[in-house]
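Visitor:
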Amino acid sequence: MEDEYKAYNVGYGRPPEHSRFKKGKSGNPRGRPPRPKPANDMRAILERVANEEIEINGKTITMAEVELRSIQRKAAKGDVAASRHLAKLRADAGVGQSQEGGGGVLVVPGMRPLEEWSISAAIQQEQFREQSEDDR
């Protein structure tokens, strides 16, 4: 018995052979238990509230639509933050974007009468129309 004890000392970092993990077997065969889903999942709450239907003036609409209309009214009254938020929402949804992708900006220096401005704008746009027709 002493020979066996000398052959293998049990101690720190050296567990007894009978209690070691068997080769090819995991030390945690069932794995870690799954986390319980929280009861106040923010995404679920937001979806539930956004899809909640309310009746206004005899019409049934969702809370999401009410919120969008509220942001739109604030933007129309001149609220810059609401205007930016609405523009971001529209861009994310792809609303108001042309499929052609050929937009541009016309920079007008100073104030001009409408007729003079219309003539100069037509001249400037003409060169781009000629280029797009050549590309086709």
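Residue numbering for the sequence shown follows numbering that gives the first Met the number 0, beginning at 0 and increasing consecutively. Glycine included, every Cβ here is placed at the ideal spot set by N, Cα and C.
1) Measure how close the beta-carbons of M41 and I53 come, nearest whole angstrom, since I'm counting them as under 8 Å.
2) For a test of the three-state rule: what should DSSP assign to E51, helix, strand or coil?
3) Would you check if the distance between the CB atom of R111 and the CB atom of S119 is smaller than 9 Å?
4) Output the boundary residues of the alpha helix (DSSP H) element that contains K73.
5) Whole angstroms is fine: what's the gap from A81's alpha carbon to K73's?
6) For the alpha helix (DSSP H) containing S82, list its first residue and its last residue.
7) What is the rounded straight-line gap between the Cα of N8 and the Cα of G23?
8) Just to confirm before moving on: does the CB-CB distance between L88 and I70 stay below 9 Å?
Guide: On the basis of the coordinates in this document:
1) Contact flag wrong, Cβ pair sits at about 21 Å.
2) coil
3) yes
4) 62–75
5) 6 Å
6) 79–92
7) 24 Å
8) yes
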